[in-house]
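Under this note's numbering, residues 47 to 185 are what the sequence shown spells out, in order. Glycine is no exception: its CB is placed at the ideal position from the N, C-alpha and C atoms.
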Amino acid sequence: MDLLTTVLKIPTTSGTDIENLSADVESFVHSSGAREGWLLLFVPGSTAGLTTIEYESGVVNDLKRAIEAMAPQGAEYEHNLRWGDGNGYSHVRAALMGPSLTLPIVDGRPVTGTWQQIVLCDFDNRPRIRKIHLQVLAG
Numbered sequence: 047m048d049l050l051t052t053v054l055k056i057p058t059t060s061g062t063d064i065e066n067l068s069a070d071v072e073s074f075v076h077s078s079g080a081r082e083g084w085l086l087l088f089v090p091g092s093t094a095g096l097t098t099i100e101y102e103s104g105v106v107n108d109l110k111r112a113i114e115a116m117a118p119q120g121a122e123y124e125h126n127l128r129w130g131d132g133n134g135y136s137h138v139r140a141a142l143m144g145p146s147l148t149l150p151i152v153d154g155r156p157v158t159g160t161w162q163q164i165v166l167c168d169f170d171n172r173p174r175i176r177k178i179h180l181q182v183l184a185g
């Protein structure tokens with residue numbers, strides 16, 4: 047079994063950013079030479095998450111609206127009362143989304159549906175450079 051690792055660095059803004067990682071992820075898997083195996087993606091931090099979606103402006107905007115409805119930025123959060131940093135909503139959003147994805151690699155490509163892309167969702171209220179750790183386990 048071979049284990050290969052890299053880190054993507056993605057700049058984000060102070061809004062809810064949804065960034066398409068698919069091309070970078072597919073490039074890493076291709077360069078790894080893995081034909082069969084597993085791909086793990088993980089974003090450290092408690093204010094960002096990873097998921098898949100059809101990365102099309104309408105669906106991306108729909109997702110942003112749904113996230114706002116589930117954990118509104120303007121609601122009262124105990125985190126904000128304790129720390130005063132105003133990003134309680136971002137912690138809740140990230141917890142609902144989750145920090146990782148695992149995808150099978152088949153025929154040298156991560157398995158996704160026809161319209162399914164891999165995305166980073168950054169919810170924090172300040173710009174960041176997000177690090178997404180990628181690992182390929184191939185056998």
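request  = Taking 7 angstroms as the cut-off, decide whether the C-beta atoms of Gly83 and Leu183 are in contact.
outcome  = What you label residue 83 is simply residue 37 of the sequence shown in a count that begins at 1. What you label residue 183 is simply residue 137 of the sequence shown in a count that begins at 1. Yes. Within cutoff.
contact_flag[the stretch 100-118, the stretch 61-73] where n(CB pairs < 8 angstroms) is 3 or more = yes
task = Check whether the Cβ atoms of Thr97 and Met47 sit closer than 7 angstroms, and answer yes or no.
result = On the sequence shown, residue 97 is found 51 positions in, with the first residue counted as 1. On the sequence shown, residue 47 is found 1 positions in, with the first residue counted as 1. Not a contact, by the Cβ cut-off of 7 angstroms.
query = For Pro145 versus Gly95, is the C-beta distance shorter than 7 angstroms?
reply = Within the sequence shown, the letter at position 99 stands for residue 145. Within the sequence shown, the letter at position 49 stands for residue 95. Going by C-beta atoms, Pro145 is nearer than 7 angstroms to Gly95.
task = Specify, as a first and last residue, the run of the beta strand (DSSP E) that Glu82 falls within.
result = Working through the sequence shown from its first residue, we reach residue 82 at position 36. Unbroken beta strand (DSSP E) run through Glu82: 82-88.
message = Here's the rule I'm using: 16 or more other beta-carbon atoms within 10 Å means buried, otherwise exposed. How should Asn133 be labelled?
response = Translated into the one-based positions of the sequence shown, residue 133 becomes position 87. Classified as buried, Asn133 has 16 or more neighbouring CB atoms from the shown chains inside 10 Å of its CB.
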